[in-house]
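Okay, so here's the structure we're looking at.
Protein chains in written order, with my numbering: chain D, 12 to 125; chain B, 2 to 114.
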């Protein structure tokens, strides 16, 4: 069964600290892995997309890594800010159809305290 | 910010009413999607479209219907709303390239009394 599991479910950190969010997936065949940020009451916004051949991609203070062999990804946030408080969603796309079916994780709820 | 808009943002309405949730995008994307999201849960695909006059049901069974008469417009309709339809509905669009991200609207939070 194709699944995407994220951990931890929630995380509280102090402003200025770093953190790492985890994503494990069983989706096959694999096309790409995406990380989205979803602020409360807003739609998800894309942070990174990585294909099979990419093992790291950065977007400002966000760095995603991908290990396609172990089917794991992480999102590292450096020097956290209050505005980083949001849900971070891992999404994996398969190659099984023209649509490129997307499998969504339930997200990690990050809270940054001052 | 992506150019995809949903209206209304919030809707509280009684059981049995007909509802249309609007979604428009100005990016010229062929692919559009409707998702349902409950608090703390993953997004579930309920409808998608490859282009004009193309509509398909997604993974989650839904009593809603959609239409795609124009590229930029992808409305979702509930003919007779029920309390079980209470949820957040997110619209998204994407380029034809499957390695491009989906752009999401800010959603409609629907409450059926």
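Beta carbons: idealized from backbone N, C-alpha and C, even for Gly.
Owing to the predicted nature of the structure, the values given are computational and were not obtained by experimental measurement.
Next on the checklist: Assuming residue 46 of chain D and residue 99 of chain D are in contact, meaning their beta carbons sit under 8 Å apart, how far apart are those beta carbons, in whole angstroms?
Outcome noted: Residue 46 of chain D to residue 99 of chain D, Cβ: 6 Å. Contact.
Checklist entry - Using the beta-carbon count (16 or more within 10 Å), is residue 37 of chain B buried or exposed? => result Buried: at least 16 other Cβ atoms inside 10 Å.
Checklist entry - Terminal residues of the continuous beta strand (DSSP E) containing residue 78 of chain D? => result The continuous beta strand (DSSP E) containing residue 78 of chain D extends over residues 73-78.
Next on the checklist: Which same chain residues end up closer than 8 Å to residue 67 of chain B when comparing Cβ atoms and leaving out the 5 residues on each side of it in sequence?
Outcome noted: Once the five neighbours on either side are set aside, the close Cβ partners of residue 67 of chain B are 35, 48, 50, 56, 75, 76, 77, 78.
Checklist entry - Looking at the unbroken beta strand (DSSP E) that takes in residue 122 of chain D, where does it start and where does it end? => result Going by DSSP, residue 122 of chain D is part of the beta strand (DSSP E) stretching over 119-124.
Checklist entry - Do residue 44 of chain D and residue 84 of chain D have their C-beta atoms within less than 8 Å of each other? => result A distance below 8 Å separates the beta carbons of residue 44 of chain D and residue 84 of chain D.
Checklist entry - Is there at least one Cβ from chain D nearer than 8 Å to residue 107 of chain B's Cβ? => result Under the Cβ distance rule, residue 107 of chain B counts among the residues neighbouring chain D, one pair being separated by less than 8 Å.
Checklist entry - Since residue 105 of chain D and residue 41 of chain D are thought to touch, with beta carbons under 8 Å apart, how far apart are those beta carbons, to the nearest angstrom? => result The Cβ separation is near 7 Å, so the contact holds.
Item to check | Endpoints, beta strand (DSSP E) assigned at residue 56 of chain D | outcome: For residue 56 of chain D, the enclosing beta strand (DSSP E) starts and ends at 56-62.
Checklist entry - To the nearest angstrom, how far is it from the Cα of residue 46 of chain B to the Cα of residue 65 of chain D? => result If you take the alpha carbons of residue 46 of chain B and residue 65 of chain D, they lie about 27 Å apart.
Item to check | For residue 48 of chain D and residue 118 of chain D, the rounded distance between their alpha carbons | outcome: Taking the straight line joining both Cα atoms gives about 9 Å.
Checklist entry - How many whole angstroms separate the CB atoms of residue 25 of chain B and residue 73 of chain B, which I take to be in contact at a CB cut-off of 8 Å? => result The pair is a contact, with the Cβ atoms about 5 Å apart (cut-off 8 Å).
Item to check | For residue 95 of chain D, three-class secondary structure by DSSP | outcome: Here DSSP, grouped into helix, strand and coil, assigns residue 95 of chain D to helix.
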